[in-house]
């Protein structure tokens, strides 16, 4: 049985606590948060779980096998490194670290010590992403030509990372997982309305070999919440609207065949050429599935869906996007 | 009474014919199209309107005061120039010309001859844009901080201009009209899936002084039709969804106040802080209002909403965007 | 070639004129309306069509074969009867007549004179209804168990007939066409907010043998326009939302199996048990197809989809519903 | 401090446990369920709460002041009566009882013993209903003319009560609370597809003096979940769509003025005559507010929003609706 400690009892920490507490394959031993006041309701609701304001209590407790880190991004590296050095497996919130160098170091360290380091890209475990993955792998969609995502709402402003570091990890990880390709270059633009040089609106374009383009629109300052991704394949196209309660995924039997350049007149393309199919998605909590994946990685050496190298790629692209924004949208080769 | 000829009887030409034919302040004299077959149904439906396959018939007819050009973009310049040289006022489909140089030349020529040259940015005359303009001018929205537009569908592929030239004129002209500012630089990225180097998906970012950013997402290859623009002001935010039959504009009493950088923790911003207001929009046909504006410009010297300089700015930005795309998204100063 | 006259140039009359004028299989000879002012724009747009304010001009013109009646309901009977007596085929707006007796008389008269009398239930010719009909006939939906329609908006108040006579003909005719069964009884309730005893809100239930129930909710006094019909079959269920621009029909692979009554506990039924399928619908104008059906009925003796007996059933149910409302919702046997 | 026991640990029981456990003004002492297996996860999550499979343990424990009953409807009466006889205050799930007689008896008994008996119509405590109530009470909506509700989904089939008993209590209680009037008669129709004479689809019309009509459409057999209520006032109209995540209430500045009956022609009413207003609703859990109301009723003698007489009216209408259905939709006077 894996024994787990969770560090950070904020919004996401609560979800982690609920899922690891209820998980049949592990024991939630301790929850750490620097703010003792946050831990009081936890103690009432989960009296069997220990609480502490000191991370050392976790590091020094040899009965704890694994540490789950749900703190602000800038603290991930130090906390994860300390856990690995203490011989514990690590699950760390996305994005894995603030810099590519840090992510590489953690992965190297885990490898040396034969420990699991796993980023928490929970979105990959949702029924919607799993369904899209299976359709793409079964070649129902055809070669992917574009991926276009809008992820905007009136959201949490963060003071240590910009909106891309906050929201784009979802899109980058989904893109990486679905198309299984790495971009050769990226560009990003954005604006900071806060005077602190931290963009609250940003746009990221990822360029791939072989006719694929991906574009992500991220904002903390939209009056409406939009979570929408379009995926265009040679055979079919997918609209993934995560705000829909039941019809999250629509598969359009739609395509566009292009005539030769000789013809100088317009080519009329019908607005919707075929039927639409809305697959039923499994109802499960993605976070629980992610927790299981972490446990199986520790116990059985299974490679998790949300694995270290995928997390590394996400950080690589985020770091490059920041360089691009600061250079006026300059293309950055990866 | 203004006497009008229309050149080009395609999709938009039909709308122009209907509106100029029914307009109380002008007479529709002739419709020209190179394809005689297209003119047959016109003759049946409008037996009082002359038809011709030769543009010279219009140029040489001194009873025709004004020419309306609704042909592919690459032909705008030559047709408009000929009309101006023949002493006729000109209304030309958006975008005005294929190059900035051509637009400047036409404007110069019209000025010399004391003729009207007007681009047809019909969208500016819609109830929705007029309502947004009046709210912004009345300072109900506050200083505009961002404008974000998505204009995608499975649309007409054109073989002479890319998707930005086709769709972005709407967004650029609306942005120019609403905020009354010019960008200092732009960036654009995109992809061509047709092998002819004409982008069918493209993204354009416009950078302005004073904290404003505009971003346009244009595609001919989306399975769903989206026409959505978000406008964020310091006081309120607007969602303009042109696909909504009646509730096209929603005004959100929403804002975000940002705390100082000292605070290193997250700032929680509520998803929707105030009420929403959905103004009733006037029901009128925008194209009829545009036709009226053209007639009044000729007759009374009124400066049209969709005027030559606005049309020129649109072409300037389109030309720059093409340069940017071809240089891998490089920032182009204007 | 069939030569047609249209009587009544109101909202629907304009649509009829456009479709019969453009129809390849007939000639639109004359349009009659008592209000000469309404005919002026018609003369401008269709100079080849004669106009008149006198119905006699049509009746006495032997070159006219067929009369299309698009006037208020209370005048249908007299106008149709006169046309039949003058030897002309008749197409009459829905509902066919104000009373069952009148409808029966017209049908009898047409039969005697070997003329076509056809009600205009245009809705039956839409791509959506045709698609549903073909799926039901192919037994894809299974035995129909319920049909539930909401047809409400801030609509035209009529002073001669209540909201059921105005709106329910659509639902009753669709129901009759799709399930091909007649109800054995109906009930209706409603209210008049106008002081003239003409209901502006009304509800109609139709009871069928064999487990089928149909319910129609009609209102002229809703702030939103809703056109929604649910059809539940033993195999699948259909949602027909006519306000959707493209996805009018959704077919749910959904069912409910019911356990025996012994079990006194709740039975959990999943909210959506299967995939959803959104068929592509043909793009055609229903009114044109209806006009064709009328012409073929005259020319070839083809039985129209919207035929006299279907129109008669609609009037029978409307008459019964009025009796029911006036008796406090009493069940009326048919 | 009030000490509470909860009887029935099903779907709703879990919500009750969470809210009473976390409530600052009471102690959750015991949870009873006949099925011991259901209580195991409760013991793990709430180790301080006692569990039992015997209701007697609650009745005989003098430290328990109040009993919350969340069992199937047919058991409400016996359980509530026993609790009252044991001197305990009672909160009982809606509908209060299976018959009017039972509800009257419980209210009488509570009165004699000076105990609180309160039905749990939680919906009345939602932000949406509270907002509508305050607008109506402030006369912003005007005199209410109609209330039209659709509450359908693929839901829980119950084997002891029909769909009206299951779903209509929400609508009837909201109607009663908002308009503060009692209907003089009702009619209901419906159908049972299960062979057990328990309707899974039913329609209820409530007739009021003074021009008000209410109609409820309830179904367990819809492929889509609809929770929509239209409320038409003389000044404004409200659309309450409970499936909307944030814009649950839309207030339409819409009305219809009716011309005199003399005029035999149609009166054109614009589809939407004014602006729409979407008020921000407070974010709170309705169930917690209901729990507070129960506690204050016990402690301070406050009359709850969801009070015994309102609960009685709901049962009166449900009982009458059942009579009406079984008599073919006959009007039942109240």
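Chains as they are written, first to last, in the working numbering: chain A, 1 to 334; chain B, 1001 to 1334; chain C, 2001 to 2334; chain D, 3001 to 3334.
Even for Gly, the Cβ is constructed at its ideal location relative to N, Cα and C.
Computed from a prediction, not measured in an experiment: that's the story for all the values here.
Under 9 Å from the C-beta of residue 48 of chain A: neighbouring residues of chain D: Residues of chain D whose Cβ lies closer than 9 Å to the Cβ of residue 48 of chain A are, in chain order, 3044 and 3047.
Burial state of residue 134 of chain A (16 or more Cβ within 10 Å): Counting Cβ neighbours within 10 Å, residue 134 of chain A comes out exposed, since fewer than 16 surround it.
Minimum C-alpha distance to residue 3235 of chain D - residue among D:3082, D:3140, D:3117 and D:3102: D:3140
Within 9 Å of chain A by C-beta, residues of the region 2270-2290 of chain C in sequence order: 2270, 2271, 2272, 2273, 2274, 2275, 2276, 2277, 2278, 2279, 2280 and 2283
Exposure of residue 1070 of chain B, with buried meaning 16 or more beta-carbon neighbours within 10 Å: buried
Identity of the residue in D:3278, D:3103, D:3233 and D:3034 nearest residue 3136 of chain D by Cα: D:3233
Where residue 2324 of chain C sits in the DSSP three-state scheme: helix
For residue 2170 of chain C, the three-state DSSP class (helix, strand or coil): helix
N- and C-terminal bounds of the beta strand (DSSP E) containing residue 1067 of chain B: 1066-1069
Beta-carbon neighbours of residue 2215 of chain C, restricted to chain D and to distances below 9 Å: 3189, 3201, 3203 and 3217
Residue 1054 of chain B - DSSP class collapsed to helix/strand/coil: coil
Secondary structure of residue 145 of chain A, DSSP reduced to three states: strand
Segment contact flag, the region 1034-1046 of chain B with the region 1003-1018 of chain B, C-beta cutoff 8 Å, min 3 pairs: Contact between the region 1034-1046 of chain B and the region 1003-1018 of chain B is present, because at least three Cβ pairs lie under 8 Å.
Classification of residue 1282 of chain B by the beta-carbon crowding that lies within 10 angstroms, buried from 16 upward: With fewer than 16 Cβ atoms within 10 Å of its Cβ, residue 1282 of chain B is classed as exposed.
Strand pairing of residue 1333 of chain B, partner residues [DSSP]: B:1185
Proximity of residue 2123 of chain C and residue 2170 of chain C at Cβ, strictly below 7 Å: yes
Of the listed residues D:3164, D:3019, D:3150 and D:3302, nearest to residue 3230 of chain D (C-alpha basis): D:3150
For residue 129 of chain A and residue 177 of chain A, believed in contact at Cβ under 8 Å, the rounded distance: 7 Å
Test: residue 2170 of chain C CB closer than 7 Å to a CB of chain D: no
Check: residue 201 of chain A C-beta below 6 Å from any heavy atom of the ligand ADP: Among the components of this structure there are no ligands whatsoever, and the ligand ADP is therefore not found.
Any chain A beta carbon closer than 7 Å to residue 1145 of chain B: yes
Chain-order list of residues whose beta-carbon lies under 6 Å from that of residue 206 of chain A (same chain, five-residue window excluded): 183, 186 and 214
Per-residue DSSP class, three states only, for residue 163 of chain A: helix
Contacts around residue 261 of chain A, its chain only, beta-carbon distance under 8 Å, and the 5 residues preceding and following it disregarded: Since pLDDT at residue 261 of chain A reaches only 44, below the 50 mark, its modelled position is unreliable, and no value is offered.
Contact residues within the region 2239-2250 of chain C, judged by C-beta distance below 7 Å to chain A: 2246 and 2247
DSSP bridge partner residues for residue 2215 of chain C (one or two, in chain order): C:2148 and C:2205
Helix, strand or coil at residue 1196 of chain B according to DSSP, with G and I counted as helix: coil
DSSP-derived helix/strand/coil call for residue 1041 of chain B: Looking at residue 1041 of chain B - three-state DSSP - the assignment turns out to be helix.
CB contact flag (residue 2110 of chain C, residue 2084 of chain C, <7 Å): yes
As assigned by DSSP and simplified to three states, the class of residue 178 of chain A: helix
Residue span of the beta strand (DSSP E) that contains residue 3289 of chain D, given as start and end: Note, residue 3289 of chain D: premise wrong, no beta strand (DSSP E); alpha helix (DSSP H) at 3286-3300.
Extent of the continuous alpha helix (DSSP H) run through residue 3105 of chain D: 3100-3113
Cβ contact check for the region 2282-2292 of chain C and the region 2098-2109 of chain C: 3 or more pairs under 8 Å: By the Cβ criterion, the region 2282-2292 of chain C is not in contact with the region 2098-2109 of chain C, since fewer than three pairs of Cβ atoms, one from each stretch, lie closer than 8 Å.
Neighbour flag for residue 1319 of chain B against chain A, beta carbons, 7 Å: Closer than 7 Å to the CB of residue 1319 of chain B there is not a single CB belonging to chain A.
Contact between the region 303-321 of chain A and the region 154-169 of chain A (3+ Cβ pairs under 8 Å): yes
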